[in-house]
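One structure below.
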Amino acid sequence: MFETCYSPHDVAHLLRHRYGLPVELSESRPTVVCGARLDAVDMPALLGSRVLEILRDSDVGPVVANPRDTTWTFLIAPPTRPTPTPDLTAYGVRVRASGRRVILPMSDRGFGWRWAREPLPGSLRLPAGSAVSAAIEQLTELIAPPSNRNSHNSVAVEDATART
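Here our numbering is used: the first residue of the sequence shown is 3, the next is one more, and so on.
See the structure below:
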């Protein structure tokens with residue numbers, strides 16, 4: 003994706019014009035700002051990968067992974083801001099506040115911020131927050147919330163035979 007980019011300005015230009023992302027540079031990093039054009043939902047990477055599996059046939063994306071691959075950020079369409087219920091916040095799901103920035107990848111080399119799912123070329127297509135929330139809620143019926151003893155990225159799978 004970034005093979006023709008030699009500077010943060012090149013990356014921002016590419017993301018704006020090829021993928022329709024409303025990119026701004028902040029401290030020489032490409033970012034998008036949550037608000038009128040898009041919103042963002044953060045979640046642990048394991049939960050995020052499962053959400054992507056459920057939504058694989060839809061236009062979900064882009065999804066950004068942080069440098070340690072512990073948190074994935076789903077970019078979603080406004081204006082309906084999903085509000086995580088207390089049950090979902092127990093799973094590490096958090097909606098970014100309006101005005102907060104999301105750092106975007108600027109390299110294909112696999113270090114730093116990376117795409118868990120790349121944006122599609124053309125005008126920006128973002129999933130509804132309700133679609134992402136519904137996928138999370140579907141999963142929470144099958145997985146127990148992570149405990150505080152481990153990293154927020156660990157999600158325990160509940161034993162189906164334990165339910166009687």
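No residue lacks a Cβ here, since even glycine has one placed at the ideal position from N, Cα and C.
| Query | Result |
| --- | --- |
| Considering only C-alpha positions, which residue in the set Arg70, Arg119, Ala38, Ala67 is nearest to Ala79? | Ala38 |
| Considering just the uninterrupted stretch of the beta strand (DSSP E) at Thr142, what are its terminal residues? | Counting along the chain, Thr142 falls outside any beta strand (DSSP E), though it belongs to the alpha helix (DSSP H) covering 131 to 142. |
| Which residue wins for smallest C-alpha separation from Arg18, given the options Val97, Leu90, Ser125? | Ser125 |
| Go through the segment 41 to 129 residue by residue and report every complete run of the alpha helix (DSSP H) that reaches 4 residues or more, in order. | 47 to 56, 88 to 91 |
| Between which residues of its own chain and Ala67 is the CB-CB distance below 6 Å, once the five residues before and five after are set aside? | Trp74, Arg116, Ala118 |
| Taking 6 Å as the limit between beta carbons, can you name the residues of its chain near Arg102, skipping five residues before and five after? | Cys36 |
| Along the chain, where does the alpha helix (DSSP H) containing Pro10 start, and where does it finish? | 10 to 19 |
| With DSSP as the reference, label Glu26 as helix, strand or coil. | strand |
| By Cβ distance below 8 Å, which residues in the same chain neighbour Ala99 in space, the five residues on each side in sequence not counted? | Cys36 |
| Is the beta carbon of Asp44 less than 9 Å from the beta carbon of Val95? | yes |
| Note down the Cα distance separating Val65 from Asp71, rounded to an integer number of angstroms. | 12 Å |
| Going along the chain, which residues of its own chain have a beta-carbon closer than 8 Å to the beta-carbon of Thr6, five neighbours each way excluded? | Asp12, Leu16 |
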